[in-house]
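Student:
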Amino acid sequence: MLPVSEFLQQILNGLSLGSIYALIALGYTMVYGILKLINFAHGELFMVGAYAGYYAAIGLGVENYANGGFPLYLAALVLALAMGAAALLGIAIEAFAYRPVRSAPRLTPLITAIGVSLFLQNAAMLLFSPNPRPYPPILHEVRFELGGVIVTNVKLAIFGVALALMLGLTWFVQKTWTGKAMRAVSTNIDAARLMGIDSNHIIRATFAVGSALAAAGGILFGLDQIMIGPLMGMLTGLKAFVAAVLGGIGNIRGAVLGGLLIGLAEQLTAGYLSPDYRDAITFVILIGILILRPEGLLGVVRPEKV
Amino acid sequence: MQLARRLAVATAIALVLYGVGWWMEDGLIEYVQRIVLLAGINVILAVSLNLINGTTGQFSIGHAGFMAVGAYGAAFFGVQLAPSVQSLLGAGSLADAVTFNLALVIGALLAALAGLLVGAPSLRLRGDYLAVVTLGFGEIIRISFNNAQFLGAATGYFGDSPAGLPAFTSFFWVYAWVIAIVIAIRNLTFSQTGRSLAAIREDEIAAEAMATPTTRLKVLAFAVSAACAGIAGGLFAYMQSGIRPEDFRFDKSIDMIVMIIVGGLGSISGAIVGGVFVAVTLELMRDLQQYRLVLYALLLIVIMLVRPQGLFGSRELTELVRSRLGRRRLSSGAAK
Numbered sequence: 256m257l258p259v260s261e262f263l264q265q266i267l268n269g270l271s272l273g274s275i276y277a278l279i280a281l282g283y284t285m286v287y288g289i290l291k292l293i294n295f296a297h298g299e300l301f302m303v304g305a306y307a308g309y310y311a312a313i314g315l316g317v318e319n320y321a322n323g324g325f326p327l328y329l330a331a332l333v334l335a336l337a338m339g340a341a342a343l344l345g346i347a348i349e350a351f352a353y354r355p356v357r358s359a360p361r362l363t364p365l366i367t368a369i370g371v372s373l374f375l376q377n378a379a380m381l382l383f384s385p386n387p388r389p390y391p392p393i394l395h396e397v398r399f400e401l402g403g404v405i406v407t408n409v410k411l412a413i414f415g416v417a418l419a420l421m422l423g424l425t426w427f428v429q430k431t432w433t434g435k436a437m438r439a440v441s442t443n444i445d446a447a448r449l450m451g452i453d454s455n456h457i458i459r460a461t462f463a464v465g466s467a468l469a470a471a472g473g474i475l476f477g478l479d480q481i482m483i484g485p486l487m488g489m490l491t492g493l494k495a496f497v498a499a500v501l502g503g504i505g506n507i508r509g510a511v512l513g514g515l516l517i518g519l520a521e522q523l524t525a526g527y528l529s530p531d532y533r534d535a536i537t538f539v540i541l542i543g544i545l546i547l548r549p550e551g552l553l554g555v556v557r558p559e560k561v
Numbered sequence: 002m003q004l005a006r007r008l009a010v011a012t013a014i015a016l017v018l019y020g021v022g023w024w025m026e027d028g029l030i031e032y033v034q035r036i037v038l039l040a041g042i043n044v045i046l047a048v049s050l051n052l053i054n055g056t057t058g059q060f061s062i063g064h065a066g067f068m069a070v071g072a073y074g075a076a077f078f079g080v081q082l083a084p085s086v087q088s089l090l091g092a093g094s095l096a097d098a099v100t101f102n103l104a105l106v107i108g109a110l111l112a113a114l115a116g117l118l119v120g121a122p123s124l125r126l127r128g129d130y131l132a133v134v135t136l137g138f139g140e141i142i143r144i145s146f147n148n149a150q151f152l153g154a155a156t157g158y159f160g161d162s163p164a165g166l167p168a169f170t171s172f173f174w175v176y177a178w179v180i181a182i183v184i185a186i187r188n189l190t191f192s193q194t195g196r197s198l199a200a201i202r203e204d205e206i207a208a209e210a211m212a213t214p215t216t217r218l219k220v221l222a223f224a225v226s227a228a229c230a231g232i233a234g235g236l237f238a239y240m241q242s243g244i245r246p247e248d249f250r251f252d253k254s255i256d257m258i259v260m261i262i263v264g265g266l267g268s269i270s271g272a273i274v275g276g277v278f279v280a281v282t283l284e285l286m287r288d289l290q291q292y293r294l295v296l297y298a299l300l301l302i303v304i305m306l307v308r309p310q311g312l313f314g315s316r317e318l319t320e321l322v323r324s325r326l327g328r329r330r331l332s333s334g335a336a337k
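As given, the protein sequences belong to chains A and B, one line each in that order. By the working numbering, the letter at position 157 of the first sequence is numbered 412, and the numbering carries on one by one without gaps. By the working numbering, the letter at position 125 of the second sequence is numbered 126, and the numbering carries on one by one without gaps.
(1) For PHE399 (chain A), list the residues DSSP reports as bridge partners.
(2) Helix, strand or coil: how does DSSP classify SER274 (chain A) here?
(3) Against ASN148 (chain B), what residues of chain A qualify as contacts under a CB-to-CB distance less than 7 Å, listed in chain order?
(4) Report buried or exposed for PRO246 (chain B), applying the criterion of at least 16 other Cβ atoms within 10 angstroms of its Cβ.
(5) Could you please give the first and the last residue of the uninterrupted alpha helix (DSSP H) stretch that includes LEU553 (chain A)?
(6) Starting from ARG217 (chain B) and walking both ways along the alpha helix (DSSP H), at which residues does that stretch end?
(7) What residues are listed by DSSP as bridge partners for MET482 (chain A)?
(8) If you reduce the DSSP assignment to three classes, tell me which class ILE452 (chain A) lands in.
(9) Is it true that the CB of GLY514 (chain A) sits closer than 8 Å to the CB of ALA280 (chain A)?
(10) Report, in whole angstroms, the separation of the C-beta atoms of GLY269 (chain A) and ILE474 (chain A), which I expect to be a contact under 8 Å.
(11) Could you tell me which whole alpha helix (DSSP H) segments of length 4 or greater appear in the stretch 15 to 53 of chain B?
(12) How many Å lie between LEU449 (chain A) and GLU521 (chain A) at the Cα?
(13) Straight-line CA distance for CYS229 (chain B) to THR319 (chain B)?
(14) Under the rule that 16 or more other beta-carbon atoms within 10 Å means buried, what is GLY234 (chain B), buried or exposed?
(15) Residues of chain B with CB under 8 Å from PRO367 (chain A), in chain order?
(16) Name the chain B residues whose beta carbon is nearer than 8 Å to that of LEU449 (chain A)?
(17) Give me the chain A residues within the contact set of GLY79 (chain B), using Cβ-Cβ distance strictly less than 9 Å, ordered along the chain.
(18) What does the alpha-carbon distance come out to for the pair PRO258 (chain A) and LYS410 (chain A)?
(19) Applying the 10 Å Cβ sphere with the 16-neighbour rule, what's the burial state of GLU299 (chain A)?
(20) So, with DSSP's three-state summary, where would you put ILE293 (chain A)?
(21) Give, in chain order, every residue of the stretch 258 to 278 of chain B whose Cβ lies closer than 8 Å to some Cβ of chain A.
(22) Residues of chain B with CB closer than 9 Å to the CB of THR461 (chain A), please, in chain order.
(23) Taking Cβ positions, are SER242 (chain B) and GLU317 (chain B) nearer each other than 8 Å?
(24) For ALA96 (chain B), I'd like the list of residues in its chain whose CB is within less than 6 Å of its CB, leaving aside the five on either flank, ordered along the chain.
(25) Please report how far the alpha carbon of ALA460 (chain A) lies from the alpha carbon of LYS291 (chain A), in whole angstroms.
(26) Taking just the CA atoms, how far does TRP178 (chain B) sit from TRP23 (chain B)?
(27) Pull out every residue of the stretch 421 to 437 of chain A whose Cβ sits closer than 8 Å to any Cβ of chain C, in chain order.
(28) When DSSP builds the beta bridges, which residues end up paired with ILE507 (chain A)?
(29) Using a beta-carbon distance below 8 Å, is LEU136 (chain B) in contact with chain A?
(30) Could you tell me the distance, in whole angstroms, from the CA atom of GLY79 (chain B) to the CA atom of ALA65 (chain B)?
(31) Given that THR363 (chain A) touches chain B, what residues does it touch there, using C-beta distances under 8 Å?
(32) Please go through the same chain and pick out, in chain order, the residues whose beta-carbon is closer than 8 Å to the beta-carbon of LEU547 (chain A), but skip the five residues on each side of it.
(33) DSSP puts ILE244 (chain B) in a beta bridge; with which residues?
(34) Straight-line CA distance for ILE313 (chain A) to ILE261 (chain B)?
(35) Suppose only complete runs of 4+ residues qualify. What are the alpha helix (DSSP H) ranges in the stretch 305 to 381 of chain A, listed by chain order?
(36) What's the call for PRO530 (chain A), buried or exposed, on a 16-neighbour Cβ count within 10 Å?
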């Protein structure tokens, strides 16, 4: 392989990984924007989404289409089912675990979130067995070469789905009534309530949307990396969180930018430095950004008040 | 006079520890001995983490990383130093004790250095960011050990001899360190510095307005806590024949969080109770390995929902007993 094509290949792989991180990072950033809570369980919603997609695909008889690939409408149905399941789980987590401690001191919700994350991880190990499993071929892989770079339809689907969901989210947040209310609640929850916004409803909606995006990320991850396991959410979730911080937490465009950058950094480290350090580079970036520009690339500095 | 009294107390404690340790070695089966040692190590971990999470109100969830630095540091330098100490003092239990404690102190210093490295840049951050940074650092430390060839990489470090690390960790040394560390941290907590740490917990901005050097104190708390965790790591290393990177996974940090949450954040006696609790429940649940973390997770959530202040809250056991007794005395006085 030519050095240039290899580089382009790494960039392509990095961007596709990065768009998955971006989808997950959106959920972190939305919840943080409203509740000022790092939803540690968000990575587990990504994992649950991947498994929901797995079972939906099996249930719809994916093995019958082994040669020709799943029809597109069924693949879309798998995506929708997984997103719906994760949204319901997200709403349940918010109602049972986070709402009772919402007004408690900051550490209480954080520890609760860690507890929920651990619980889901280990419940998944019991339910789905701790062993990783191959992801069903929801898309039949087609490879083609483009100037020495190998492109697959899976990669294109990742870009397509991620882009469509991000545009959809932008439209939702900017144009719909609920989206407008979300922005109001994230600016000032008390003032929003005085204006007659049902903040509980808006928080619920935020968790639902964020979890659904994470589930989409989970399915794309399964397609891209071929294997899924109950612990996949921990590291990926952390990386997505770092992506959200890198872009400026609470900022939707920042989450997308951060996700793409983290994906690229990871892929380039693995390709040119050593695969052993692909996970470490994320944390190096995190520490670097927190020292140099703690508000993130696109974030705004807000002075802390008593 | 005071010095003489303190020396007498220290000697008495040492004698009692020595006696109990001697009795334990033939009085208790090895399995129970192991739990007792682990409980002591847990107490050190819990008390040290409590200094950061409880007293200072910061939030570290990567404490296993500091423990790993201490464990690897103590194991490596213990093995390196053993020949020169032996040539100086002659082979025997004295040389062993000197090597062991020297190794522990070196491990602790290295862990403190790691604490400084983590603390200095990241302690300007607020609680939840700090949590993620410490988690990240814990992972980086583990990944580094996983790739360090001279420390055995993923297979772990077992010293130079085929038998593994010498079994230096005994009841006497574990509990001598437990007592020393608990007393040191107690004195720190109730000193002026400790009050400043508590002020940071209560309101960082107000503390800063009162000219408390918040960053320096937070870094201090981090370094002291990391050093103690390093001691625990060293004791842990010499308890088994070797250490592996996966001994210090994220789970280990979660165990420590459970210890201090159960007992009550900010309470030293709570941390002690929590440390023993985790050691005992871990052993009792040995057959339920796969359910252990589910139960721990549920325990964390339930404690947060029902009693977020933990068993003791931020109070000490002695205060609770005293206030109980005081109330009884008061009510009986009123009856007269």
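Glycine is no exception: its CB is placed at the ideal position from the N, C-alpha and C atoms.
Tutor: The answer reads as follows:
(1) Looking at the DSSP output, PHE399 (chain A) sits in a beta bridge with A:VAL406.
(2) Note: SER274 (chain A) maps to helix in three-state DSSP.
(3) Going along chain A in sequence order, the residues near ASN148 (chain B) (Cβ under 7 Å) are ASP531.
(4) Counting Cβ neighbours within 10 Å, PRO246 (chain B) comes out buried, since at least 16 surround it.
(5) First-last for LEU553 (chain A): undefined, no H or E at that position.
(6) Taken as a continuous stretch (DSSP letters only), the alpha helix (DSSP H) holding ARG217 (chain B) covers 215 to 238.
(7) Note: MET482 (chain A) sits in a beta bridge opposite A:PRO389.
(8) Coil at ILE452 (chain A), not helix or strand.
(9) The criterion of a C-beta distance shorter than 8 Å is satisfied by ALA280 (chain A) and GLY514 (chain A).
(10) With a Cβ gap of about 20 Å, GLY269 (chain A) and ILE474 (chain A) do not count as contacting.
(11) Runs of the alpha helix (DSSP H) inside the stretch 15 to 53 of chain B: 31 to 51.
(12) Using only the alpha carbons, I get a separation of about 45 Å.
(13) Each residue's Cα considered, the two are about 23 Å apart.
(14) In this structure GLY234 (chain B) is buried. Its beta-carbon is surrounded by 16 or more other beta-carbon atoms within 10 angstroms.
(15) Note on identity: in this sequence residue 367 (chain A) is Thr, with Pro being the wrong assignment. Chain-order list of chain B residues neighbouring THR367 (chain A): LEU301, ILE302, MET305 and LEU306, by C-beta distance under 8 Å.
(16) Ordered by position in chain B, no residue passes the 8 Å Cβ test against LEU449 (chain A), which lies about 26 Å from the chain.
(17) Counting only Cβ-Cβ distances below 9 Å, GLY79 (chain B) has no contacts in chain A at all, with the closest Cβ about 27 Å away.
(18) Between the alpha carbons of PRO258 (chain A) and LYS410 (chain A) lies a gap of roughly 21 Å.
(19) Classification for GLU299 (chain A): buried.
(20) Of the three classes helix, strand and coil, the one that applies to ILE293 (chain A) here is coil, per DSSP.
(21) Cβ contacts with chain A come from ILE258, ILE262 and LEU266.
(22) None at all; the shortest Cβ gap to chain B is about 17 Å.
(23) In this structure, the beta-carbon distance from SER242 (chain B) to GLU317 (chain B) does not fall below 8 Å.
(24) For ALA96 (chain B), where only same-chain residues beyond five positions count, the Cβ hits under 6 Å are VAL86, GLN87 and LEU90.
(25) ALA460 (chain A) and LYS291 (chain A): Cα-Cα distance of roughly 16 Å.
(26) Answer to the nearest angstrom: the Cα atoms are 17 Å apart.
(27) Structure shown: chain C not included; protein chains present are A and B.
(28) Looking at the DSSP output, ILE507 (chain A) shares a beta bridge with no other residue.
(29) So yes, LEU136 (chain B) belongs to the interface.
(30) Looking at the two C-alpha atoms, the distance is approximately 20 Å.
(31) Result: MET305 and PRO309.
(32) So the list is empty, once near-sequence residues are dropped.
(33) DSSP, once it has assigned bridges, lists B:TYR158 as partnering ILE244 (chain B).
(34) Those two C-alpha atoms are separated by around 44 Å.
(35) Fully contained in the stretch 305 to 381 of chain A are the following alpha helix (DSSP H) runs of length 4 or more, in chain order: 327 to 348.
(36) PRO530 (chain A) is exposed by the Cβ-count criterion.
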